[in-house]
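Working notes, beginning with the structure itself.
Protein chains in written order, with the numbering used here: chain A, 1 to 281; chain B, 1 to 426; chain C, 1 to 305.
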């Protein structure tokens with residue numbers, strides 16, 4: 001009798017927890033689903049047919065969006081920018097964070113808090129000085145200019161995360177490496193970076209999202225179509241197809257898929273990275 | 001390891017520093033017209049075939065991002081050979097005074113003004129600074145209109161039938177009655193992109209001209225007539241009446257124009273307040289849509305209704321470009337009859353070349369027919385201070401959502417106006 | 001002699017250490033510090049953004065800003081969105097993280113799914129939610145999905161003009177913002193929960209603590225540092241919201257949906273007051289720094305306690 005009551009209690013509790021979780025899971029998946037569903041419809045039915053599975057499925061929108069939106073070239077650019085920015089941030093931020101955490105030099109704290117403060121002050125309107133500067137440096141309309149700007153955008157956050165991580169990292173391994181004759185740079189490369197892998201996973205995800213979804217700076221800094229990333233192509237596509245919803249939705253789906261895939265590939269490491277001390281400072 | 005890092009850094013630094021060649025045979029255009037990119041590219045290819053001059057057409061969207069880019073480029077002095085200024089006349093004047101825009105007057109007046117006579121005067125006026133203008137710009141023509149446009153009222157003929165409305169309303173009273181008849185059969189009345197402030201501005205300005213006449217509007221801008229004047233309260237009252245009689249479509253204040261265009265094209269609302277560019281949008285979205293154009297129905301029968309119109313999109317030539325002459329020549333070519341007819345056909349816009357008018361559709365002819373009624377802030381001798389305009393537009397939105405009365409809004413606007421007048425005097 | 005040698009060695013050492021930070025500082029100075037000082041300088045000027053000359057007005061922009069009701073109203077709206085994000089979003093994130101921290105089935109699935117909204121771009125999110133909340137009918141059917149479902153499920157009296165009513169518009173924006181952001185909070189809190197040593201729970205249970213006791217005496221105290229990080233990130237993210245606002249309500253609704261960044265943008269492009277926009281940016285930044293420092297101070301106090 002007692003165990004029975006306990007069982008019932010446990011089952012209802014489990015049921016309620018699952019209900020709660022499922023409801024939110026559904027709301028999270030809904031937009032993705034709705035986008036996909038609408039991309040499979042035609043312009044005549046998209047607003048009137050509210051059923052979840054469209055009556056007539058039309059795959060043509062994807063092919064049409066891909067060719068009309070010139071997504072091929074934009075795709076390549078976005079991949080290139082995302083990779084370069086992420087690699088750049090990982091190198092630059094981990095070097096700096098390692099130094100802030102482990103090494104000593106005058107003004108260390110000042111520089112560190114400068115980065116932290118920058119995270120908090122948004123610079124809306126900084127585009128004009130930035131543009132002027134990029135022109136003077138000859139970096140306007142170059143891939144490298146855009147990449148450097150985007151590295152700067154993600155730098156503060158990444159340094160902060162990595163420093164917190166390095167602070168908690170035990171120093172035994174570094175000492176061992178030092179005895180083996182490794183220099184500072186060697187320790188950073190052979191010891192600190194591999195150990196920081198979980199924190200790096202978080203940084204990779206965070207910055208990939210940022211770069212992949214960015215379009216304001218891209219529009220500002222790049223002129224040539226051949227240099228533009230995906231989101232910027234999407235804005236143009238949206239402008240010229242605002243009336244063709246299924247086609248627009250197909251374009252949006254195409255643009256969203258890669259980042260969802262990157263996320264799925266990396267998600268295992270995120271919780272591990274975060275819980276291994278990156279944020280629990 | 002050390003070598004890898006330093007190599008990477010060197011690569012980073014050296015990438016951007018490649019010297020740029022000045023290509024004197026390629027002219028670059030920056031524009032924002034997503035609907036015209038394809039047609040313009042085709043024309044550019046044709047132009048290269050004919051003249052050997054290469055034209056590079058870069059599109060930037062959305063238009064806010066385009067304007068920001070133009071401002072930033074102006075400051076950095078890296079404007080392209082041809083571009084457009086999507087802003088108030090005052091800002092256009094600033095561009096000219098800063099030496100970013102070439103004076104095309106001479107070019108227009110060559111051969112007895114052949115180029116000038118080819119284009120609609122209304123379209124040129126937008127790009128013209130008359131003698132003694134308040135901005136202190138040297139008189140002349142500074143831009144080339146690609147098309148002409150005007151913004152008026154559109155009505156859906158099928159929905160009219162459903163509600164038993166026989167003909168397009170000719171007065172504001174009839175318009176309200178039509179709206180109510182539509183409402184009785186469950187059809188929304190007027191839709192427009194009132195979520196974009198300039199469209200509210202445009203609508204209000206139409207009625208201000210109709211209710212008090214141009215002279216009094218200008219006197220208000222100069223600060224001689226207060227916004228609390230009964231005529232201005234009446235202008236704000238137009239929106240109150242539209243709201244109270246239920247003539248406005250739901251959610252009109254938060255609608256960007258593209259959603260409003262969608263609503264009208266799909267028959268969700270019977271009236272739209274939109275420009276002639278809408279013809280292209282409606283045509284793409286719902287080719288079977290039967291609609292007509294009309295002037296916004298006047299409140300005051302004694303004064304004419306004036307609508308905004310003139311050049312739809314204009315391009316200017318960069319004054320410091322080494323390819324200035326080539327750029328001007330290209331714009332001249334673009335406004336020739338043949339090219340204009342092509343653009344009008346492909347993008348369903350009204351051509352700025354008068355001779356190209358015969359190639360347009362009946363609905364566009366309806367738009368073309370009322371060009372005489374058009375006016376535009378860019379051709380007025382005075383323009384309202386941008387802060388006051390913002391207050392007016394925001395105030396009208398408050399009236400539409402039923403939060404403020406016309407009198408309150410008039411009072412608030414007048415307050416800002418007085419503050420700005422005081423500031424200007426200092 | 002020896003001392004001199006030593007300090008030379010130290011200097012070299014410091015230089016080497018500093019060279020690690022150099023790339024970061026270089027990039028940062030060029031792309032952040034320089035624009036920052038430029039904005040700071042512009043905030044003392046009256047300038048339309050185009051003419052080569054600008055007028056020095058000293059503190060006039062800042063003085064006007066202090067009296068600018070609309071600016072403070074916008075700040076209030078951002079604070080309201082932040083408040084909803086702090087309460088609704090974070091409580092939800094915490095509850096979901098707690099549920100996922102247990103040994104339950106499909107744990108991995110939930111973990112993946114809850115992070116989907118942050119992955120999508122704001123443009124996509126704005127577009128889809130605009131569709132869900134749309135007001136208006138076609139052929140007697142609601143176009144907006146929410147209103148449509150309300151009629152379908154027999155609740156037609158709840159049908160509402162969600163985005164064009166000042167009473168609901170800001171809340172709708174705040175909820176969509178929370179929806180988009182809760183994945184971050186969820187994942188950080190989950191990570192935090194997983195670092196709690198299971199033995200702490202065991203020990204408390206042996207002492208006879210019930211699940212509520214376990215929660216208040218073990219979970220909450222252990223989670224305070226993580227929660228503070230989440231809170232600070234939520235505040236910074238929510239105060240700066242604007243893409244979502246623009247894509248959901250445009251420039252509409254009087255001043256009811258203005259937030260600081262939309263004000264800055266409209267001062268820059270709408271009324272062409274560049275100096276004023278820069279003054280707004282500086283003012284906004286100072287406020288955000290103050291808020292963050294206050295939270296940091298609070299967290300130090302709580303750590304000591």
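Note that CB positions come from ideal geometry on N, CA and C, so glycine has one too.
Taking the Cβ atom as the reference point for each residue, do residue 153 of chain A and residue 174 of chain A lie within a distance shorter than 7 Å? The residue you call residue 153 of chain A lines up with position 153 of the first chain. The residue you call residue 174 of chain A lines up with position 174 of the first chain. No, Cβ-Cβ distance for residue 153 of chain A and residue 174 of chain A is not below 7 Å.
Proximal residues of chain A, C-beta to C-beta of residue 60 of chain B below 7 Å: Sequence index remark: in the second chain, residue 60 of chain B carries index 60 (1-based). The contacting residues are 219.
Taking the beta strand (DSSP E) that residue 155 of chain B belongs to, which residues open and close that run? Mapped onto the second chain, residue 155 of chain B falls at position 155. First-last of the beta strand (DSSP E) with residue 155 of chain B: 147-156.
So with CB distances below 8 Å, who are the chain A contacts of residue 17 of chain C? Here residue 17 of chain C is taken as the residue at index 17 of the third chain, counted from 1. In chain order: 99, 103, 104, 105 and 184.
Using only the alpha-carbon positions, how far apart do residue 134 of chain A and residue 400 of chain B sit? Along the first chain, one-based indexing puts residue 134 of chain A at 134. Along the second chain, one-based indexing puts residue 400 of chain B at 400. Cα-Cα distance, rounded: 45 Å.
With 9 Å as the C-beta to C-beta threshold (strictly closer), list the residues of the segment 222-248 of chain B near chain C in chain order. Against chain C - using a Cβ distance shorter than 9 Å - the segment 222-248 of chain B contributes no residues.
Is there at least one Cβ from chain C nearer than 7 Å to residue 341 of chain A's Cβ? Here chain A covers residues 1 to 281 and nothing more, so residue 341 of chain A does not appear.
Among A:151, A:66 and A:31, nearest to residue 286 of chain A - alpha-carbon criterion: What the structure shows of chain A is the stretch from 1 to 281, and residue 286 of chain A is not part of that stretch, so it cannot be assessed.
With a 10 Å radius around its C-beta and 16 neighbouring C-beta atoms as the bar for buried, classify residue 52 of chain A as buried or exposed. As a first step, residue 52 of chain A must be located in the first chain, where it is residue number 52. Exposed: under 16 other Cβ atoms inside 10 Å.
State yes or no: is the C-beta of residue 263 of chain B within less than 7 Å of the C-beta of residue 370 of chain B? The count along the second chain starts at 1 and reaches residue 263 of chain B at position 263. The count along the second chain starts at 1 and reaches residue 370 of chain B at position 370. Not closer than 7 Å, so no.
By the criterion of Cβ-Cβ separation under 8 Å, what are the contact partners of residue 161 of chain C in chain B? Along the third chain, one-based indexing puts residue 161 of chain C at 161. Residues of chain B passing the Cβ test: 250 and 251.
Alpha carbon of residue 318 of chain B to alpha carbon of residue 328 of chain B, nearest angstrom: The sequence position of residue 318 of chain B within the second chain is 318, counting from 1. The sequence position of residue 328 of chain B within the second chain is 328, counting from 1. Between residue 318 of chain B and residue 328 of chain B, the C-alpha separation is close to 10 Å.
Are the beta-carbon atoms of residue 70 of chain A and residue 229 of chain A separated by less than 7 Å? Your numbering for residue 70 of chain A matches position 70 in the first chain. Your numbering for residue 229 of chain A matches position 229 in the first chain. Contact: no.
So is residue 306 of chain C in contact with chain B if we call contact Cβ pairs under 7 Å? In the structure as shown, chain C begins at 1 and stops at 305. Residue 306 of chain C is therefore absent and cannot be evaluated.
Grab the span of the alpha helix (DSSP H) containing residue 483 of chain B for me, first residue to last. Residue 483 of chain B is absent from the structure shown; chain B starts at 1 and stops at 426.
Residue nearest to residue 142 of chain A in terms of C-alpha spacing, selected from A:187, A:4, A:220 and A:30: Taking the first chain and counting its residues from 1, one reaches residue 142 of chain A at position 142. The shortest Cα separation from residue 142 of chain A among A:187, A:4, A:220 and A:30 belongs to A:220.
Roughly how many whole angstroms lie between the Cα atoms of residue 59 of chain A and residue 35 of chain A? Stepping through the first chain from its first residue, residue 59 of chain A is reached at position 59. Stepping through the first chain from its first residue, residue 35 of chain A is reached at position 35. Using only the alpha carbons, I get a separation of about 13 Å.
Identity of the residue in B:313, B:300 and B:260 nearest residue 285 of chain B by Cα: As a first step, residue 285 of chain B must be located in the second chain, where it is residue number 285. Ranking B:313, B:300 and B:260 by Cα distance to residue 285 of chain B puts B:260 first.
Close beta carbons around residue 178 of chain A, own chain, < 8 Å, minus the five adjacent residues each side: Working through the first chain from its first residue, we reach residue 178 of chain A at position 178. These residues qualify, in order along the chain: 187.
Between the segment 193-210 of chain B and chain C, which residues of the former have CB atoms less than 7 Å from a CB of the latter, in chain order? Those would be 194, 195, 196 and 197, in chain order.
Is the beta carbon of residue 243 of chain C closer than 7 Å to that of residue 103 of chain C? Within the third chain, numbered from 1, the residue matching residue 103 of chain C stands at position 103. Within the third chain, numbered from 1, the residue matching residue 243 of chain C stands at position 243. Cβ atoms of residue 103 of chain C and residue 243 of chain C: not closer than 7 Å.
So if I threshold CB-CB distances at 9 Å, which residues from the segment 337-369 of chain B count as touching chain A? Within the segment 337-369 of chain B, no residue qualifies.
Apply the 10 Å Cβ neighbour rule to residue 305 of chain B and answer buried if 16 or more other Cβ atoms are within range, or exposed otherwise. The residue labelled residue 305 of chain B in the question sits at position 305 within the second chain. Result: buried.
Name the two residues that bound the continuous alpha helix (DSSP H) containing residue 203 of chain A. By 1-based counting over the first chain, the position of residue 203 of chain A is 203. For residue 203 of chain A, the enclosing alpha helix (DSSP H) covers residues 197-212.
Hey, does residue 78 of chain B have any beta-carbon neighbour from chain A nearer than 7 Å? As a working mapping, residue 78 of chain B is identified with position 78 in the second chain. It does; some Cβ of chain A falls within 7 Å.
So, for residue 52 of chain B: in the same chain, excluding its five sequence neighbours on each side, which residues have a beta-carbon less than 8 Å away from its beta-carbon? Against the second chain, residue 52 of chain B aligns to sequence position 52. Residues of the same chain with a CB within less than 8 Å of the CB of residue 52 of chain B, apart from the 5 flanking positions on each side, are 25 in chain order.
Can you give me, in chain order, the residues of the segment 231-263 of chain C that have a beta carbon less than 7 Å from any beta carbon in chain E? Note that chain E does not occur in the displayed structure, where the protein chains are A, B and C.
Contact check, residue 67 of chain B vs residue 269 of chain C, beta carbons under 7 Å: What you label residue 67 of chain B is simply residue 67 of the second chain in a count that begins at 1. What you label residue 269 of chain C is simply residue 269 of the third chain in a count that begins at 1. Inclusion of residue 67 of chain B and residue 269 of chain C in the CB contact set at 7 Å is warranted, their separation being smaller than that value.
Taking its Cβ as the centre, do 16 or more other Cβ atoms sit within 10 Å of residue 8 of chain A, making it buried, or is it exposed? Against the first chain, residue 8 of chain A aligns to sequence position 8. Burial call: exposed.
Since residue 291 of chain B is in the beta strand (DSSP E), which residue starts that stretch and which ends it? As a first step, residue 291 of chain B is located in the second chain; it is residue number 291 there, counting from the start. Boundaries of the beta strand (DSSP E) around residue 291 of chain B: 291-294.
Reduced DSSP secondary structure (H/G/I, E/B, other) of residue 408 of chain B: For this step, residue 408 of chain B is matched to residue 408 along the second chain. DSSP places residue 408 of chain B in helix when its eight states are reduced to three.
8 Å Cβ cut-off: residues of chain C touching residue 48 of chain A: The residue labelled residue 48 of chain A in the question sits at position 48 within the first chain. 138, 139 and 141, listed in chain order.
So, does the segment 140-158 of chain C touch the segment 228-243 of chain C, judging by three or more C-beta pairs under 8 Å? No, the segment 140-158 of chain C is not in contact with the segment 228-243 of chain C.
Going by the DSSP bridge assignment, what does residue 36 of chain C pair with across the sheet? Start at 1 with the first residue of the third chain, and residue 36 of chain C comes out as number 36. Paired residues: none, contrary to the question.
Assigned secondary structure, residue 319 of chain B (DSSP; H/G/I helix, E/B strand, else coil): Taking the second chain and counting its residues from 1, one reaches residue 319 of chain B at position 319. Of the three classes helix, strand and coil, the one that applies to residue 319 of chain B here is coil, per DSSP.
Reduced DSSP secondary structure (H/G/I, E/B, other) of residue 160 of chain C: Translated into the one-based positions of the third chain, residue 160 of chain C becomes position 160. Coil at residue 160 of chain C, not helix or strand.
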